[in-house]
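Heads up: the sequence shown is residues 8 to 229, going by my numbering. We treat Cβ as the ideally placed atom computed from N, Cα and C, and that holds for glycine. Values in this document were obtained by computation on a predicted structure and should not be read as measured data. One structure below.
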Amino acid sequence: MSVASNIRQLKAALPAGVTLVAVSKFHPVEMIREAYEAGQRVFGESKAQELTAKQPRLPDDIEWHFIGHLQTNKVKYIAPFIHTIHSIDSLNLLQEVDKQAARSGRNIRVLLQVHVAAEDTKFGLTPGACEELVRSEAFAACRHVTVCGLMGMATNTDDTGQVRKEFRTLHSLFAMLKERYFRDNPAFTELSMGMSHDYRLAIEEGSTLVRVGSLIFGDRTY
Ligand SMILES: *Cc1c(COP(=O)(O)O)cnc(C)c1O
């Protein structure tokens, strides 16, 4: 199957209100262009260096999403053009994004990454730390970011019951935070969950942004 037909098939299968983030990490700009020509505009990358190398070689109307672990010293390289950062996992990182957004004269959309998987290798705030962050004064002082919701990854397992449970945990945290802290914030609407192997489950559990790589572009060679 070609990249273009994979994109078309996936898009046709997504319900209204769910956006496809085509995860193009480790794949060359030629493949991204192929997806672009098939109508895809939203792409996800997970390394600042790789993204800053690709971005100038591709059309300006691409919406770049950063989905990987982001080091504070790399924020300045992506701040001038990044559309959404899914992986805010500390106050320190949020403050750096805020600072670099101001420096670029921009406002950057961000999601708070929450750890819901059983594996301890995955980054993210605990649900408790996430709520603590959201209610802090330092959080309220970040004026150059728009907090649009949460991102999370489920455990990499065939146990769909467990995966569903983790997505539900993330969805209920989202609903609780919205109710308590973002009631008057119309931008707090996004739940980024689901990858190639679990995006269908994620959609059933309320995902609004699915991050799909290998189903579109094939296997990555690291
Ligand atoms: C790589 C990656 C994806 C895409 O994974 P696939 O299994 O290729 O769909 C999604 N989310 C994050 C955070 C990733 O790092």
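Query raised in the report: Taking the C-alpha atoms as reference points, what is the distance between Q16 and Q47?
Result: 12 angstroms
Report task. List the endpoints of the continuous beta strand (DSSP E) containing S199. Result -> E197 to S199
Query raised in the report: Going by beta carbon distance, what residues of the same chain come within less than 7 angstroms of Q62, once the five residues before and after it are set aside?
Result: W71 and F88
Requested in this report: For V123, name the three-state secondary structure that DSSP assigns.
Outcome: coil
Query - Nonlocal neighbours in the same chain, by C-beta distance under 6 angstroms from Y188, ignoring five residues either side - result: V141
Report task. Give the single residue among T228, F224 and Y229 whose Cα lies nearest to the Cα of S9. Result -> F224
**Report entry** A109: first and last residue of the uninterrupted beta strand (DSSP E) it sits in
**Finding:** That residue, A109, is in no beta strand (DSSP E); its alpha helix (DSSP H) goes L98 to R110.
Query raised in the report: Is M202 near ligand 1, going by C-beta to nearest heavy atom under 7 angstroms?
Result: yes
Query raised in the report: With which residues is I92 paired in a DSSP beta bridge?
Result: F73 and V117
Query raised in the report: Roughly how many whole angstroms lie between the Cα atoms of V25 and S179?
Result: 18 angstroms
Query raised in the report: Quick one: is the Cβ of I74 within less than 7 angstroms of any heavy atom of ligand 1?
Result: yes
Query - Within the stretch 31-73, ranges of the beta strand (DSSP E) (whole runs, at least 3 residues) - result: 49-52 and 70-73
Query raised in the report: What is the rounded straight-line gap between the Cα of L216 and the Cα of Q107?
Result: 25 angstroms
Requested in this report: Report yes if the C-beta of L198 is less than 7 angstroms from at least one heavy atom of ligand 1; otherwise report no.
Outcome: no
Requested in this report: Within its chain, find whatever has a CB closer than 8 angstroms to the CB of F130; leave out the 5 residues flanking it on each side and keep chain order.
Outcome: H76, S94, D96, Q120 and H122
Requested in this report: Classify G156 as helix, strand or coil using the three-state DSSP reduction.
Outcome: strand
Requested in this report: Take Y206 as the anchor and find which of D226, E197 and M160 has the nearest alpha-carbon.
Outcome: M160
Report task. Note the first and the last residue of the continuous alpha helix (DSSP H) segment covering V10. Result -> V10 to A20
Query - Residue closest to N80, alpha-carbon to alpha-carbon, out of I69, D68, N99 and D67 - result: N99
Report task. May I ask you to report which of helix, strand or coil DSSP gives R171? Result -> helix
Report task. Using three-state DSSP, classify R150 as helix, strand or coil. Result -> coil
Query raised in the report: Hey, T246 and A124: beta-carbon distance below 8 angstroms or not?
Result: This structure cannot settle anything about residue 246, because the visible part of the chain is limited to 8 through 229.
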